[in-house]
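Using this note's numbering, read the sequence shown as starting at 1058 and increasing by one per residue.
Written out below as structure tokens is the structure these notes cover.
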Amino acid sequence: MIIHGADYADPAFLAREGKLGRSYGCFSVAHADLPRLRERMGEGRLLFAWA
1058 MIIHGADYAD PAFLAREGKL GRSYGCFSVA HADLPRLRER MGEGRLLFAW
1108 A
């Protein structure tokens, strides 16, 4: 599973456009949500991170 931050998952984008953009099968979250998501995933769950 791949999870990444994306501008098109940002709440301001969603409010303006009305829907989440496409990510070709990946789960997309707002950049601001990535730290909290990593904490919830727990140890040993993250295989690759690009900041």
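Glycine residues also receive a C-beta, built at the ideal position from the N, C-alpha and C atoms.
All of these numbers come straight from a predicted model, not from anything done at the bench.
Query	Result
The segment 1083-1090 / the segment 1059-1073 touching (three or more Cβ pairs under 8 Å)	yes
Contacting residues, own chain, Cβ-Cβ under 6 Å from Leu1091 (five flanking each side not counted)	Gly1062
Contact under 8 Å by Cβ, Leu1077 with Ala1089	no
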